[in-house]
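Quick mapping for you: the protein sequence lines, in order, are chains F and A. The numbers in full-length UniProt numbering rise by one with no breaks, and the one at position 24 of the first sequence is 24. The numbers in full-length UniProt numbering rise by one with no breaks, and the one at position 351 of the second sequence is 351. Please read the structure below before turning to the comments.
2 protein chains.
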Amino acid sequence: MNTIKDYIGEHKERFLDELKELLKIPSISADPAYKSDMLKTAEAVKERLMEAGCDLAEVCSTPGQPVVYGEKIINKDLPTVLVYGHYDVQPPDPLDLWDSPPFEPVIKETKIHPEGAIFARGACDDKGQMYMHVKALEYMTKNDELPCNVKFMIEGEEEVGSEHLDWFIKEYKDRLANDVILISDTGMIAKDVPSITTGLRGLSYVEVEVTGANRDLHSGLYGGAVANPLNVLSKMIGSLTDENNHITIPGFYDKVEQLSNEEREKMAEAPFSLDEYREKLDIDAVYGEEGYSTLERGSIRPTLDVNGMWGGYIGEGAKTVLPSKAYAKISMRLVPDQDWKEITELFKNHFESIAPKGVRVKVKPHHGGFPYVTPIDTTGYQAASKAYEATFGKTPIPQRSGGSIPIVSLFEKELESKIILMGFGLDTDAIHSPNENFGVWNYFKGIETIPWFYKYFTKLSE
Amino acid sequence: MNTIKDYIGEHKERFLDELKELLKIPSISADPAYKSDMLKTAEAVKERLMEAGCDLAEVCSTPGQPVVYGEKIINKDLPTVLVYGHYDVQPPDPLDLWDSPPFEPVIKETKIHPEGAIFARGACDDKGQMYMHVKALEYMTKNDELPCNVKFMIEGEEEVGSEHLDWFIKEYKDRLANDVILISDTGMIAKDVPSITTGLRGLSYVEVEVTGANRDLHSGLYGGAVANPLNVLSKMIGSLTDENNHITIPGFYDKVEQLSNEEREKMAEAPFSLDEYREKLDIDAVYGEEGYSTLERGSIRPTLDVNGMWGGYIGEGAKTVLPSKAYAKISMRLVPDQDWKEITELFKNHFESIAPKGVRVKVKPHHGGFPYVTPIDTTGYQAASKAYEATFGKTPIPQRSGGSIPIVSLFEKELESKIILMGFGLDTDAIHSPNENFGVWNYFKGIETIPWFYKYFTKLSE
Chain F
1 MNTIKDYIGE HKERFLDELK ELLKIPSISA DPAYKSDMLK TAEAVKERLM
51 EAGCDLAEVC STPGQPVVYG EKIINKDLPT VLVYGHYDVQ PPDPLDLWDS
101 PPFEPVIKET KIHPEGAIFA RGACDDKGQM YMHVKALEYM TKNDELPCNV
151 KFMIEGEEEV GSEHLDWFIK EYKDRLANDV ILISDTGMIA KDVPSITTGL
201 RGLSYVEVEV TGANRDLHSG LYGGAVANPL NVLSKMIGSL TDENNHITIP
251 GFYDKVEQLS NEEREKMAEA PFSLDEYREK LDIDAVYGEE GYSTLERGSI
301 RPTLDVNGMW GGYIGEGAKT VLPSKAYAKI SMRLVPDQDW KEITELFKNH
351 FESIAPKGVR VKVKPHHGGF PYVTPIDTTG YQAASKAYEA TFGKTPIPQR
401 SGGSIPIVSL FEKELESKII LMGFGLDTDA IHSPNENFGV WNYFKGIETI
451 PWFYKYFTKL SE
Chain A
1 MNTIKDYIGE HKERFLDELK ELLKIPSISA DPAYKSDMLK TAEAVKERLM
51 EAGCDLAEVC STPGQPVVYG EKIINKDLPT VLVYGHYDVQ PPDPLDLWDS
101 PPFEPVIKET KIHPEGAIFA RGACDDKGQM YMHVKALEYM TKNDELPCNV
151 KFMIEGEEEV GSEHLDWFIK EYKDRLANDV ILISDTGMIA KDVPSITTGL
201 RGLSYVEVEV TGANRDLHSG LYGGAVANPL NVLSKMIGSL TDENNHITIP
251 GFYDKVEQLS NEEREKMAEA PFSLDEYREK LDIDAVYGEE GYSTLERGSI
301 RPTLDVNGMW GGYIGEGAKT VLPSKAYAKI SMRLVPDQDW KEITELFKNH
351 FESIAPKGVR VKVKPHHGGF PYVTPIDTTG YQAASKAYEA TFGKTPIPQR
401 SGGSIPIVSL FEKELESKII LMGFGLDTDA IHSPNENFGV WNYFKGIETI
451 PWFYKYFTKL SE
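Written out as structure tokens, the structure reads:
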């Protein structure tokens, strides 16, 4: 299978152009204003799947955003790989921090990517990584190298909690039958340090609203005598962590898996430079839970982060207003064996209980997902490991990520197969941030590595 | 002087229409986009002053917004009243909470104002109250009832801290010479409980910025390991008050005037119903500093209020971002003998000192002003008291307000005269809030009362 490299070399420009076309459509699932762009993106993915060699591809309606399903069945007795990805993207704001418009993809050279990187919202997360699989399929079908069956399930609600994928999986259960689920929606340690993600954190995302008086008040006339929702909300949020940055919600840590010292020591062997980390982020110090390293804080420990907060006057200049309402979006990343529904309930009860008299508090659960950990002794993991060896010349490092793909634990439960997370993104890709980008090198390396996975997975499954 | 009532009766509609015209111009001093509307408003005020009988009126340039100066000198040996007011208004946001557009004045009947109230930004604060003085002058000049000299100083930066009025007062010191300064920019207790404001709180207004990493981060990948500016800012703000709602900034209370028990008992005699207060604001409980009543918390005690706060994703739906920056606008209301410049410095030092490692904090002072208290045994106060008696049939109650007119203490210092605060607004006028309004009854009552002040002030000054 040396020809995959040649094939990429021949079709380089087209592979980039096709991805750029996809990136131009603002498929922002969080904002209802982009509903027709969502459908347009789904249709485009469907067409690309057919062109890449699928026998069948459909834009399937759901109670939410449509899911693109595609398949190429070569022999029912051979194994089946189910590729999962998503065509929706995060909102691009704050827009003024982008160096180029988020939906006008451009390729620019960077320090990390001297070969160039594609800058656009969704470049890495997940249009770029999803499209690697489409192009890998194209190579395999055009060169008679597809060794097994393949199915695609590309959804449009990953960035908003995959609310209706549950419904889709149950409805399409038979058609989705597979032997392994392959996902590229994570990262790797470095360009020369390949890694396979073996764990993901769970998520509970809530929105809170604190109401004081029934209208905005003059802060001179009422200040000091009436609860100020912004002061109160700050105090409430401030109290959710103690002086050691432990989360204070009663019961929050009850089910947190405690890693053995041996496991923690093994984790500490992963290549990591605190100095480089600080330097890249331009911070004088890291910040987190006492008693845990930066790598541990970002993977095996749960968190509580305010993702957005607002209230009162936020324009230019000064306005002496005592606002009627204050809001925050808060997410908690969860680890095995925390149950996101239980944590959401714990948060809600605690938050309501700490509200002082004089304000009313509403907690609105947004979405969530279970944490996920996968063993490394499976056929799927072994096949992935060998694929990386073939293209990177190195054995990949198993790594637990701090991110979440809330739906992953559901896949395992409903579809009864293991999930393999082959991510080709880098830390510096700025996913969910302004100037998201994906290295051209990484994009091609993904396309190159994926067919090897199919080959080894089929072989090891014999 | 019974004819003032008749005069108002005859010119009612015109008095309302003229005020409405003024209210249509969006003179928002906080927003540079309204610069030409500011000038337009100043020009309109100048013309109205001339029409009302001034000998001279000018739009005077300053390093900031222009000040309108006007005068009618009838005899140099007679006393001179200097009227101060402002033609700028607060920003109208949040716009969606207005029942009618803020710059399209309409008269609507309300429970408190069965005679109707004018709804518009600035209706009470301060275009409506300032214009009462213009119409009172018109009555006096047209009916040969002006007993003394009058000067007007109507500025355009009151809502943003009167930054350049200092310059204006020093520059125009001679022309501004007067025997008493008359201001209608406060309220009274109720329509049947007239009151004169004898104290104003000072103000220190600052903006704070907390920066974590150099860019927005993915809260899954970095959450728990890097300082989140919103979590940190919440915690910092939360720590600025203790469990008794005392402000924790070292030195903050050092110069606070402690009222005697006698003075506090006298204050407690003012008519006030906690039930009505709660009901009007739709709150289950008041909230404030332990050991002080609601009236005290809102007048003789200093405060710390967040007037606006923002950071991260504040759009629809969910975005799992760990923001790079978080902001808050914070104002402190001050009481005698706190020095706003000293308090601003104390705040800055304290706020910077409590910032944890991993974030950078900037404190930007906005503006401020000194608190003000005036005695009630002056000629000006006595004249005002008699004027209210003439039109309300009741002796007004001296009252300390929680609001601030930062420039007032400067007037006393530079112009060496006493300030009389005859306010005709009500608590429910929603100044600085959506649906600001000013009772038609209050507007006319102000126009009716003012000429009596001139009469008694001239008489008592003999």
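Every residue, glycine too, gets a C-beta built ideally from N, C-alpha and C. Quick caveat, the model's predicted, so the values are computed rather than measured.
Enumerate in chain order the residues of its own chain whose CB-to-CB distance from residue i is below 7 angstroms, with the five nearest sequence positions on each side excluded.
i, result
"F272 of chain A", "L295"
"L200 of chain F", "P371, Y372, S401, G403, S404, I405, V408"
Just how far apart, CA to CA, sit residue i and residue j?
i, j, result
"H86 of chain A", "S162 of chain A", "10 angstroms"
"L281 of chain A", "R215 of chain F", "7 angstroms"
"A177 of chain A", "L146 of chain A", "18 angstroms"
"A225 of chain F", "R297 of chain A", "5 angstroms"
"K362 of chain F", "P91 of chain F", "25 angstroms"
"E58 of chain A", "Q382 of chain A", "32 angstroms"
"G116 of chain F", "E209 of chain A", "34 angstroms"
"I407 of chain F", "A227 of chain F", "40 angstroms"
"K325 of chain A", "A52 of chain A", "52 angstroms"
"S184 of chain A", "L421 of chain A", "6 angstroms"
"T374 of chain F", "L346 of chain A", "54 angstroms"
"M132 of chain A", "K445 of chain A", "9 angstroms"
"D192 of chain A", "E389 of chain A", "12 angstroms"
"E109 of chain F", "V321 of chain A", "26 angstroms"
"V89 of chain F", "A33 of chain F", "14 angstroms"
"A268 of chain F", "L240 of chain F", "28 angstroms"
"E10 of chain A", "W98 of chain A", "32 angstroms"
Count the other CB atoms, across all protein chains shown, that sit within 10 Å of the CB of residue i; report buried if there are 16 or more and exposed otherwise.
i, result
"W310 of chain A", "buried"
"N244 of chain A", "exposed"
"Q258 of chain A", "exposed"
"G393 of chain A", "exposed"
"A318 of chain A", "buried"
"L95 of chain A", "exposed"
"I376 of chain F", "exposed"
"D55 of chain F", "exposed"
"M50 of chain F", "exposed"
"R14 of chain F", "exposed"
"T449 of chain F", "buried"
"C442 of chain A", "The identity of residue 442 of chain A in the sequence shown is Asn, whereas the question assumes Cys. With 16 or more other Cβ atoms within 10 Å, it is buried."
"P114 of chain A", "exposed"
"G315 of chain F", "exposed"
Rounded to the nearest angstrom, how far is the Cβ of residue i from that of residue j, given a contact under 8 angstroms?
i, j, result
"I397 of chain F", "S195 of chain F", "4 angstroms"
"S29 of chain A", "V160 of chain A", "5 angstroms"
"D284 of chain A", "K357 of chain F", "6 angstroms"
Considering Cα atoms alone, identify which of the options is closest to residue i.
i, options, result
"D166 of chain A", "A:A120, A:V150, A:P63, A:I450", "A:P63"
"S61 of chain A", "A:E436, A:G156, A:N75, A:D93", "A:G156"
"F130 of chain A", "A:A268, A:Y84, A:L217", "For the sequence presented, residue 130 of chain A should be read as Met rather than Phe. Comparing Cα positions, the closest option is A:Y84."
"Y313 of chain A", "F:Y313, F:G312, F:G308", "F:G308"
"F438 of chain A", "A:F424, A:E448, A:P451", "A:F424"
"K218 of chain A", "F:A430, F:A33, F:S293, F:C148", "Reading off the sequence, residue 218 of chain A comes out as His, not Lys. It is F:A430."
"P434 of chain F", "F:N349, F:C124, F:F168, F:S404", "F:C124"
"K173 of chain F", "F:H432, F:G9, F:Y456, F:E412", "F:E412"
"K72 of chain F", "F:A387, F:V134, F:I8", "F:V134"
"K18 of chain F", "F:P32, F:D6, F:D37, F:T41", "A small fix is needed here, since residue 18 of chain F is Glu in this sequence, not Lys. Cα-wise, what sits closest to E18 of chain F is F:T41."
"L22 of chain A", "A:E269, A:D37, A:K348, A:L137", "A:D37"
"V359 of chain F", "F:E269, F:V256, F:L230", "F:L230"
"I8 of chain A", "A:I112, A:M140, A:K76", "A:M140"
Apart from the five residues just before and just after residue i, which ones in its own chain have a Cβ nearer than 6 angstroms to its Cβ?
i, result
"F103 of chain F", "K24, P26"
"P365 of chain A", "V206, T344"
"V106 of chain F", "S100, F119"
"S299 of chain A", "R400, G402"
"F168 of chain A", "T62, V67"
"K46 of chain F", "A57, V59, V68"
Within the same chain, show all residues whose beta-carbon is closer than 8 angstroms to that of residue i, passing over the 5 residues directly before and after it, in chain order.
i, result
"residue 481 of chain A", "No answer is possible for residue 481 of chain A: it lies beyond the span of chain A, which begins at 1 and ends at 462."
"L78 of chain A", "P147, C148, N149, T458"
Can you determine whether any heavy atom of the ligand MN sits closer than 7 angstroms to the C-beta of residue i, and answer yes or no?
i, result
"K394 of chain F", "Among the ligands in the structure shown, none appear at all, so the ligand MN cannot be discussed."
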